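What follows is a single structure, written as structure tokens, with notes after it.
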Amino acid sequence: MKKVVLSVAALVMAACVFTGCSKKAEKKAEGGKVWIVATDTVFRPFEYTNEKNEFVGIDVDILAAIAKDQGFDYDLQSLGWDAGVAAVQVGQADALIAGATIKQERIDSGWIFSDGYYDATQTFVVTKDSSIASFADLAGKNVAVKNGTAGADFANSLKDKYGFKVTVFEDSPTMYQDVILGNSAACVEDTPIMADNIKTGGLALKIPAGMESAGAPYGFAIMNKENQPLLDMFNAGLKNIKENGTYQAILDKYLK
Numbered sequence: 202m203k204k205v206v207l208s209v210a211a212l213v214m215a216a217c218v219f220t221g222c223s224k225k226a227e228k229k230a231e232g233g234k235v236w237i238v239a240t241d242t243v244f245r246p247f248e249y250t251n252e253k254n255e256f257v258g259i260d261v262d263i264l265a266a267i268a269k270d271q272g273f274d275y276d277l278q279s280l281g282w283d284a285g286v287a288a289v290q291v292g293q294a295d296a297l298i299a300g301a302t303i304k305q306e307r308i309d310s311g312w313i314f315s316d317g318y319y320d321a322t323q324t325f326v327v328t329k330d331s332s333i334a335s336f337a338d339l340a341g342k343n344v345a346v347k348n349g350t351a352g353a354d355f356a357n358s359l360k361d362k363y364g365f366k367v368t369v370f371e372d373s374p375t376m377y378q379d380v381i382l383g384n385s386a387a388c389v390e391d392t393p394i395m396a397d398n399i400k401t402g403g404l405a406l407k408i409p410a411g412m413e414s415a416g417a418p419y420g421f422a423i424m425n426k427e428n429q430p431l432l433d434m435f436n437a438g439l440k441n442i443k444e445n446g447t448y449q450a451i452l453d454k455y456l457k
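Have a look at this one:
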């Protein structure tokens, strides 16, 4: 266990070199609190890196708007999904914003969620020339999923009924490539993320009609009750930016 914790700490420290932990040090020197927020910047349009190497996306803009509304400082660090979750679990980061679906399994394991800030569905995705058009067409085939996600849960809930196997990946781009290369017949991803990636990345993939889940909310998450003040500010700020139109403007910026 100590080795795992040390590995996570080392990973987070290495990430700090590239993501601006000096800002945290400067703020601490001034006596101000800087909240460390982990994210995964390969989840476009919710969080990604633009051509100027800046973090952008729906989650990034929502967090910035809420911080401005509530008057708190934060340091957003791109650690990847698994490392980001681990960093919050061991206290190397205070919170996570990375398109994290609010679900009971996570709550039971210690995640403390904000109010939902976006409802998303998960969908099966196939190659552009695939003839797969229903869950039944996946019988005997392999489906790629991303570790620990609602998409993985959705696939696992259907695999026995429809007779397909599931392979787990750590990030979305690798999962997409597994399908494009023909190793998996389909993958499962959050619908808005997949639609954006197909459009902006020119991926040879498509979303079959009728192969999506019911909607579920994304939440901002902490895993230490001492960070409840941050969660309270997030909820208060979210309410305010919804009321003043900022929230809808952010969605329109990326989804219209």
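According to this note's numbering, the sequence shown is numbered sequentially starting from 202. Built from N, CA and C at the ideal position, the CB exists for glycine as well. This structure is a prediction, so every number in the text was calculated from the model and none was measured.
Self-check item: Backbone secondary structure at L431 - three-state DSSP
Solution: Under the three-state reduction of DSSP, L431 is assigned to helix.
Practice problem: Could you tell me the boundaries of the beta strand (DSSP E) in which Q323 lies? | Solution: Where Q323 is concerned, the enclosing beta strand (DSSP E) stretches over 323-328.
Quiz item: Thinking C-beta only, is A422 closer than 9 Å to A301?
Solution: One thing to note: A301 has its Cβ within 9 Å of the Cβ of A422.
Practice problem: With DSSP collapsed to three states, give me the class of S223. | Solution: Any answer about S223 is weak, because its pLDDT of 37 lies below 50 and its placement is not dependable; what the coordinates show is given next. Assigned with DSSP and collapsed to three states, S223 falls in helix.
Practice problem: Leaving out five residues on either side along the sequence, give the residues of the same chain with a beta carbon under 7 Å from the beta carbon of N425. | Solution: Correct list, in chain order: G292.
Quiz item: Where DSSP assigns a beta bridge to T250, which residues make up the other side?
Solution: Per DSSP, F256.
Quiz item: So what's D397 in DSSP terms, helix, strand or just coil?
Solution: D397 sits in a helix when the DSSP states are folded into three classes.
Practice problem: Just the C-alpha distance for D453 and T328, rounded to the nearest angstrom, thanks. | Solution: So the two alpha carbons sit approximately 28 Å from each other.
Quiz prompt | Straight-line Cα distance separating A239 from A226 | solution = Legend: pLDDT at A226 = 39, less than 50; position of this residue unreliable, no value from coordinates given.
Quiz item: Near G317, which residues of its chain fall below 8 Å by C-beta distance, leaving aside the five closest residues on each side in sequence?
Solution: Cβ neighbours of G317 beyond the five flanking positions: I303, P418, Y419, G420.
Quiz item: Which one or two residues does DSSP pair with V389 in a beta bridge?
Solution: Its beta-bridge partners are F325.
Quiz item: Using DSSP with H/G/I as helix, E/B as strand and the rest coil, what is A287?
Solution: Of the three classes helix, strand and coil, the one that applies to A287 here is helix, per DSSP.
Practice problem: Inspect the beta-carbon positions of T322 and S385 and report whether they are closer than 9 Å. | Solution: T322 is not a Cβ neighbour of S385, given a cutoff of 9 Å.
Quiz prompt | Residue range of the alpha helix (DSSP H) that includes L404 | solution = From DSSP, L404 is part of no alpha helix (DSSP H); its letter is neither H nor E.
Quiz prompt | Alpha carbon of V286 to alpha carbon of G311, nearest angstrom | solution = So the two alpha carbons sit approximately 11 Å from each other.
Quiz prompt | Contact under 9 Å by Cβ, V344 with F325 | solution = In this structure, V344 lies near F325, with their beta-carbon atoms less than 9 Å apart.
Quiz item: Got a sec, what are the start and stop residues for the beta strand (DSSP E) P409 sits in?
Solution: That residue, P409, is in no beta strand (DSSP E); it is neither H nor E in DSSP.
Quiz item: For Q278, does the count of other Cβ atoms within 10 angstroms reach 16, so buried, or fall short, so exposed?
Solution: Q278 counts as buried, since at least 16 other C-beta atoms from the protein chains shown sit within 10 angstroms of its C-beta.
Exercise. With DSSP as the reference, please indicate the residues paired to A296 in a beta bridge.
Key: Its beta-bridge partners are V238.
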